[in-house]
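Residue numbers (the working numbering): 780 to 915. Think of the CB as a built atom: it goes at the ideal place given N, C-alpha and C, for glycine as much as any other residue. Keep in mind it's a predicted model, so treat the numbers as computed, not measured.
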């Protein structure tokens with residue numbers, strides 16, 4: 780029988796903040812915004828026009844992801860950073876990495892585009908998982 784554990788609002792909120800910070804850094808001029816923008820085909824004006832909505836959707840999706848990740852980590856019995864990173868990596872590999880492959884196979888985007896997006900999801904998920912484990 781599946782039982783949900785109590786919601787860890789502090790952990791989930793902190794995990795959402797961490798994912799948002801990772802996103803801000805990952806898709807910044809410091810790291811990958813230039814190659815991502817070139818390969819995505821989204822021009823600067825269009826990107827800026829939809830930024831507020833995109834951030835709101837990101838924050839909501841981070842909250843859902845953090846809640847589910849917290850539940851899965853509990854069900855997995857991930858009590859250490861190592862077990863958390865392993866569990867999070869397997870979730871990323873089995874659900875996120877394979878799902879994002881369509882950008883290469885169907886959309887004919889470069890493998891580098893996939894690597895930027897998949898890498899971002901891996902780093903943000905691991906950060907969320909570690910935070911959720913530490914703040915239990």
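Residue 908 sits close to residue 866, with the two beta carbons spaced by under 8 angstroms.
Taking all protein chains in view, the Cβ of residue 833 is surrounded by fewer than 16 other Cβ atoms within 10 Å, so the residue is classified as exposed. Between the C-alpha atoms of residue 877 and residue 827 there is a straight-line separation of about 29 angstroms. Between the region 889-898 and the region 841-860 there are fewer than three inter-stretch CB-CB distances shorter than 8 angstroms, so the stretches are not counted as touching. In the assembly as shown, residue 848 is a buried residue. Its beta-carbon has 16 or more other beta-carbons within 10 Å. If you check the CB distance, residue 893 and residue 903 do not come in under 8 angstroms.
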